[in-house]
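Below is one structure; the comments refer to it alone.
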Amino acid sequence: MPQGQPSVVPDDGLTTRQRRNRPLVFVHTGPGKGKSTAAFGLALRAWNQGWPIGVFQFVKSAKWKVGEENALKVLGASGEGGPVVWHKMGEGWSWVQRDAQLDNEQAAKEGWEQVKRDLAAETHRLYVLDEFAYPMHWGWIDVAEVIEVLRARPGTQHVVITGRNAPRELVEFADLVTEMTKVKHPMDAGQKGQKGIEW
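Residue 1 is where the sequence shown starts when you use the UniProt record's numbering, and the numbers rise one by one after that.
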């Protein structure tokens, strides 16, 4: 496998191996399609390495059946790679589909509390916090707390956060940030989403 060469080698006292294997925080943001898709692609790589994976969907309801959920659950149960645990609104941490913003805000906070417990226990090696940028953008979850928790997380736990409007402080803190920029989309021509592409 080809490996990229860093353009800068920091004077941080770490060996090349230590620096290579340190846990990362990823942010996939921007108005374009593909933020969650890219995060789930990373989850496939983690599964192949035998890593335990935790997926937390902060906005999509329990009724939303994304294709990656079924695929990763089947792979996780196969015994060939890492185990996969999938939490989403409507299930997983007692979320219930509700209309009131206050209820959704409370649900997001409950989900974040579960993530914090799992990080403290080093439950997973890769966390996909899907659409987690939204609760922070809306002010439901304190960005400074998220950064503090992620900075202090033990072990070698990688965290991927997706969603539009990722807070500036989170973007500055993260190790890898990708902004998806829409150039063209079928919806611009009046075409709705379709099976196998959007879900």
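We put the CB at the ideal spot given by N, CA and C, even for glycine.
How about Gly82 and Gly50: do their beta carbons lie closer than 7 angstroms? Going by C-beta atoms, Gly82 is nearer than 7 angstroms to Gly50.
Could you give the first and the last residue of the continuous beta strand (DSSP E) run that contains His137? Taken as a continuous stretch (DSSP letters only), His137 belongs to no beta strand (DSSP E), being part of the alpha helix (DSSP H) at Ala133 to His137.
Grab the span of the beta strand (DSSP E) containing Glu179 for me, first residue to last. It spans Leu176 to Glu179 - the beta strand (DSSP E) in which Glu179 sits, taken as one unbroken run.
When the Cα atoms are used, what is the spatial distance from Val55 to Ala77? CA-to-CA, the gap between Val55 and Ala77 works out to about 15 angstroms.
Helix or strand or just coil, what does DSSP make of Leu126? Annotated three-state conformation of Leu126 is strand, per DSSP.
For Glu68, count the other beta carbons within 10 Å of its own beta carbon; 16 or more makes it buried, fewer makes it exposed. Which is it? Taking all protein chains shown into account, Glu68 has 16 or more neighbouring C-beta atoms within 10 Å of its C-beta and is therefore buried.
For the alpha helix (DSSP H) containing Val74, list its first residue and its last residue. Note, Val74: alpha helix (DSSP H), Gly67 to Ala77.
Would you identify the three-state DSSP class for Ile53, choosing helix, strand or coil? Assignment of Ile53 by DSSP, reduced to helix, strand and coil, places it in the strand class.
Tell me the rounded alpha-carbon separation between Thr16 and Phe173. Computed Cα separation, rounded: 22 angstroms.
Count the other CB atoms within 10 Å of the CB of Gln5; is the residue buried (16 or more) or exposed (fewer)? By the neighbour-count rule (16 or more Cβ atoms within 10 Å), Gln5 is not buried but exposed.
Residue range of the unbroken alpha helix (DSSP H) whose run includes Thr37: Thr37 -> alpha helix (DSSP H) spans Lys35 to Asn48.
Just verifying my parser: in three-state terms, what is the DSSP assignment at Gly13? Residue state, collapsed to three classes: coil.
Per-residue burial, Gly111 [other beta carbons within 10 Å of its own, 16 or more giving buried]: Classification for Gly111: buried.
Does the distance from the C-beta atom of Ala43 to that of His28 stay below 7 angstroms? Contact annotation: Ala43 and His28 have beta-carbon atoms that are not nearer than 7 angstroms.
Is Glu105 closer than 7 angstroms to Trp140 when the C-beta atoms are compared? Yes.
Which same chain residues end up closer than 6 angstroms to Asp175 when comparing Cβ atoms and leaving out the 5 residues on each side of it in sequence? Result list for Asp175: Leu24 and Val25, in chain order.
Assess, as a yes-or-no matter, whether the segment 118–131 is touched by the segment 157–171 under the definition of 3 or more beta carbon pairs within less than 8 angstroms. Between the segment 157–171 and the segment 118–131, the count of Cβ pairs shorter than 8 angstroms is three or higher; the stretches touch.
Hey, how far is the Cα of Ala107 from the Cα of Ala120? Note on geometry: alpha-carbon atoms of Ala107 and Ala120 lie some 20 angstroms from one another.
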